[in-house]
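S.K.:
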Amino acid sequence: MDKSITLPPDEIFRNLENAKRFAIDIGGSLTKLAYYSTVQHKVAKVRSFDHSAKVSLQETDGDPLYEISVQEEITARLHFIKFENAYIETCLDFIKDHLVNTETKVIKATGGGAHKFKDLIEKKLKLKVDKEDEMTCLIKGCNFVLKNIPHEAFVYAKHADSEFRFQHTHPDIFPYLLINIGSGVSIVKVEAEDKFERIGGSSIGGGTFWGLGALLTKTKRFDELLQLASKGQHTNVDMLVKDIYGGAYGSLGLTGDLIASSFGKSATTDKEFSKEDMAKSLLHMISNDIGQLACLYAKLHNLTRVYFGGFFIRGHPVTMHTITYSINFFTKGEVQALFLRHEGYLGAIGAFLKGAEEDNPNQYSWGENYAGSSGLMSVSPELNPIQRARSGTFDMLEMDRLERQLVNLPLLQDATSYIPDTVDLTEDALAREYWLYCFEEALDGNT
Numbered sequence: 001m002d003k004s005i006t007l008p009p010d011e012i013f014r015n016l017e018n019a020k021r022f023a024i025d026i027g028g029s030l031t032k033l034a035y036y037s038t039v040q041h042k043v044a045k046v047r048s049f050d051h052s053a054k055v056s057l058q059e060t061d062g063d064p065l066y067e068i069s070v071q072e073e074i075t076a077r078l079h080f081i082k083f084e085n086a087y088i089e090t091c092l093d094f095i096k097d098h099l100v101n102t103e104t105k106v107i108k109a110t111g112g113g114a115h116k117f118k119d120l121i122e123k124k125l126k127l128k129v130d131k132e133d134e135m136t137c138l139i140k141g142c143n144f145v146l147k148n149i150p151h152e153a154f155v156y157a158k159h160a161d162s163e164f165r166f167q168h169t170h171p172d173i174f175p176y177l178l179i180n181i182g183s184g185v186s187i188v189k190v191e192a193e194d195k196f197e198r199i200g201g202s203s204i205g206g207g208t209f210w211g212l213g214a215l216l217t218k219t220k221r222f223d224e225l226l227q228l229a230s231k232g233q234h235t236n237v238d239m240l241v242k243d244i245y246g247g248a249y250g251s252l253g254l255t256g257d258l259i260a261s262s263f264g265k266s267a268t269t270d271k272e273f274s275k276e277d278m279a280k281s282l283l284h285m286i287s288n289d290i291g292q293l294a295c296l297y298a299k300l301h302n303l304t305r306v307y308f309g310g311f312f313i314r315g316h317p318v319t320m321h322t323i324t325y326s327i328n329f330f331t332k333g334e335v336q337a338l339f340l341r342h343e344g345y346l347g348a349i350g351a352f353l354k355g356a357e358e359d360n361p362n363q364y365s366w367g368e369n370y371a372g373s374s375g376l377m378s379v380s381p382e383l384n385p386i387q388r389a390r391s392g393t394f395d396m397l398e399m400d401r402l403e404r405q406l407v408n409l410p411l412l413q414d415a416t417s418y419i420p421d422t423v424d425l426t427e428d429a430l431a432r433e434y435w436l437y438c439f440e441e442a443l444d445g446n447t
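Numbering-wise (the UniProt record's numbering), the sequence shown opens with residue 1 and increments by one.
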């Protein structure tokens with residue numbers, strides 16, 4: 001069973017009793033639930049005293065320089081949870097049994113499944129389903145995470161010392177190309193907050209990988225297919241350039257290890273291929289096709305920032321590496337493939353924002369609550385801890401609202417070209433090892 005379902009329910013649906021508003025994004029295979037709640041916590045307030053008016057030290061003797069008080073504060077928090085559609089009724093039942101203080105009678109819904117599950121949601125939660133445009137929600141969600149979550153976007157470099165190179169939050173996020181890979185593929189050009197256009201797409205996407213993978217391997221679970229692919233060797237199934245020409249095709253600039261025909265060897269041999277090899281070949285085929293499409297549209301519209309989202313990617317290293325390789329190959333390194341840490345929640349975030357427009361959410365800033373988010377979790381619960389750390393799928397995400405909006409320092413002459421004087425520990429291996437050593441040495445031995 002999926003990790004996000006086997007966790008204790010109270011850990012999944014945190015603060016559900018204080019939920020005020022809901023939104024849901026139901027795709028062809030996965031459901032993403034969003035809800036807004038309030039949390040109460042203690043905050044230390046420091047008040048300092050100015051003794052400069054007193055003439056002598058004797059006059060200030062015994063007077064405190066500051067005092068600390070602890071106050072209770074109530075803040076707003078956004079919760080996002082994902083699970084497979086097969087568990088939607090179970091999750092709705094749990095929400096119904098624990099829902100107490102909701103302020104709304106409406107739940108914003110988006111995605112193709114919003115039509116399919118409309119009656120079930122209304123019956124279980126006693127809330128009216130208000131359907132929102134899928135593409136609008138997707139773009140709203142993408143703009144939101146790019147503006148509000150530091151290091152949301154990253155470049156994946158398989159053979160680098162640090163595979164994940166996180167990008168600094170850019171004050172001007174437009175224009176960009178969003179490649180959303182769900183059951184199918186949508187390619188969207190985004191020019192401003194409310195100005196976007198779907199310029200292309202493909203029916204060959206995550207649903208294709210899942211469907212063909214199920215036919216080839218008899219494996220019905222998406223995560224299991226990815227796990228099979230991670231163990232496979234695609235060259236056992238794919239026909240390479242060197243299989244045809246005996247080596248590289250130099251005059252055309254084709255290396256010998258380049259795939260000439262996906263699954264090409266299966267037509268010329270009678271041997272049985274392993275499930276792992278077939279899953280790996282299929283993953284390469286789908287990823288290469290999407291990467292080439294993205295490259296062509298980026299060139300056509302003169303865009304250099306290309307973001308990939310959707311749960312097909314799931315932070316899976318093989319998928320990200322294949323797409324990155326494809327983009328680099330076809331653009332000769334002129335365009336970077338950028339991935340999103342919270343790739344699967346864009347639609348749910350956008351649907352929530354549509355429902356919260358009367359509260360003007362853009363007047364606030366939001367920050368990720370790392371303690372309540374899953375972090376870099378496994379694409380499969382069966383992978384060992386070392387392998388799990390190499391994947392970016394999020395089962396849960398929490399964001400806290402700041403009561404003031406953060407802005408760029410107005411004294412900066414050009415915020416877009418400003419480079420902060422910081423050390424990125426994800427890129428500097430020596431600095432990373434040094435500071436980890438310092439932190440470990442500073443521990444008092446208590447766990």
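We treat Cβ as the ideally placed atom computed from N, Cα and C, and that holds for glycine.
Just so you know, these numbers come straight off a predicted model, no measurement behind them.
Rounding to the nearest angstrom, what Cα-Cα distance links Ala-214 and Tyr-364 in this structure?
M.R.: Looking up residue 214 in the sequence shown gives position 214. Looking up residue 364 in the sequence shown gives position 364. Spanning the two alpha carbons is a distance of roughly 45 angstroms.
S.K.: Starting from Gln-413, trace the beta strand (DSSP E) in both directions and tell me its first and last residue.
M.R.: Looking up residue 413 in the sequence shown gives position 413. No beta strand (DSSP E) holds Gln-413; DSSP gives it neither H nor E.
S.K.: Could you please give me the residues that DSSP links to Trp-366 through a beta bridge?
M.R.: Here residue 366 is taken as the residue at index 366 of the sequence shown, counted from 1. Answer by DSSP bridge pairing, in chain order: Arg-401.
S.K.: Enumerate in chain order the residues of its own chain whose CB-to-CB distance from Glu-193 is below 7 angstroms, with the five nearest sequence positions on each side excluded.
M.R.: Counting from one through the sequence shown, the residue named residue 193 turns up at place 193. Excluding positions up to five away in sequence, the list reads Asn-143.
S.K.: Measuring CA to CA, which of Ile-74, Tyr-325, Leu-99 and Ile-313 is closest to Trp-210?
M.R.: On the sequence shown, position 210 is the one that residue 210 refers to. Checking every option, the nearest Cα to that of Trp-210 belongs to Ile-313.
S.K.: Can you give me the C-alpha to C-alpha distance between Gly-392 and Ile-327, rounded to a whole angstrom?
M.R.: Reading the sequence shown from its first residue, position 392 is the one you call residue 392. Reading the sequence shown from its first residue, position 327 is the one you call residue 327. Here Gly-392 scores only 37 on pLDDT, less than 50, and its place in the model should not be relied on; the value that follows carries that caveat. So the alpha carbons of these two residues sit roughly 20 angstroms apart.
S.K.: Please classify Phe-394 as buried or exposed, where buried requires at least 16 other C-beta atoms within 10 Å of its C-beta.
M.R.: Taking the first residue of the sequence shown as position 1, residue 394 is located at position 394. Unreliable placement is indicated for Phe-394, whose pLDDT of 37 sits below 50; the coordinate value is still reported in the next sentence. Phe-394 comes out buried.
S.K.: Tell me which residue opens and which closes the beta strand (DSSP E) that Ile-199 is part of.
M.R.: Counted from its first residue, the sequence shown places residue 199 at position 199. Taken as a continuous stretch (DSSP letters only), the beta strand (DSSP E) holding Ile-199 covers 195–202.
S.K.: Please return the same chain residues whose Cβ sits closer than 6 angstroms to the Cβ of Lys-299, not counting the five positions on each side in sequence.
M.R.: Your numbering for residue 299 matches position 299 in the sequence shown. Counting only Cβ-Cβ distances below 6 angstroms, and skipping sequence neighbours, we find nothing.
S.K.: Counting Cβ pairs, one atom from each stretch, are 3 or more of them under 8 angstroms apart for the segment 65–81 and the segment 30–50?
M.R.: Yes, the segment 65–81 is in contact with the segment 30–50.
S.K.: Could you compute how far the alpha carbon of His-234 sits from the alpha carbon of Ser-261?
M.R.: Locating residue 234 in the sequence shown gives position 234, where the first residue counts as 1. Locating residue 261 in the sequence shown gives position 261, where the first residue counts as 1. Their backbone Cα atoms lie some 11 angstroms apart in a straight line.
S.K.: Can you list the beta strand (DSSP E) stretches of 3 or more residues lying completely in the segment 196–264, in chain order?
M.R.: Counting whole runs of 3 or more residues, the segment 196–264 contains the beta strand (DSSP E) stretches 259–261.
S.K.: Decide yes or no for the touch test of the segment 17–34 against the segment 70–89: beta carbon pairs closer than 8 angstroms, at least 3 of them.
M.R.: Output reads yes: the segment 70–89 touches the segment 17–34.
S.K.: Here's the rule I'm using: 16 or more other beta-carbon atoms within 10 Å means buried, otherwise exposed. How should Cys-137 be labelled?
M.R.: Start at 1 with the first residue of the sequence shown, and residue 137 comes out as number 137. Its Cβ being crowded by 16 or more others within 10 Å, Cys-137 is buried.
S.K.: Contact between the segment 111–129 and the segment 86–103: three or more CB pairs below 8 angstroms?
M.R.: Cβ pair count under 8 angstroms is three or more, so yes.
S.K.: Are the segment 274–281 and the segment 220–235 in contact at 8 angstroms, needing three or more beta carbon pairs?
M.R.: The answer is yes - the segment 220–235 touches the segment 274–281, with three or more Cβ pairs under 8 angstroms.
S.K.: Please classify Lys-140: does DSSP put it in a helix, a strand, or coil?
M.R.: For the purposes of this step, residue 140 is taken as residue 140 along the sequence shown, with counting starting at 1. The answer is helix: DSSP assigns Lys-140 an H, G or I state.
S.K.: Is it true that the CB of Phe-330 sits closer than 9 angstroms to the CB of Leu-303?
M.R.: The residue labelled residue 303 in the question sits at position 303 within the sequence shown. The residue labelled residue 330 in the question sits at position 330 within the sequence shown. Result no, Cβ atoms of Leu-303 and Phe-330 do not sit closer than 9 angstroms.
S.K.: Report all residues from its chain with a CB closer than 6 angstroms to the CB of Asp-289; omit the five preceding and five following residues, and keep chain order.
M.R.: Within the sequence shown, the letter at position 289 stands for residue 289. So the list reads Ile-204, once near-sequence residues are dropped.
S.K.: Could you give the C-beta distance for Ile-187 and Ala-114, rounded to a whole number, given that I count them as a contact under 8 angstroms?
M.R.: Translated into positions along the sequence shown, residue 187 becomes position 187. Translated into positions along the sequence shown, residue 114 becomes position 114. About 22 angstroms separates the two Cβ atoms, so there is no contact after all.
S.K.: In the DSSP output, which residue or residues are listed as bridge partners for Met-396?
M.R.: The residue you call residue 396 lines up with position 396 of the sequence shown. According to DSSP, which records beta bridges pairwise, Met-396 is partnered with Ile-81.
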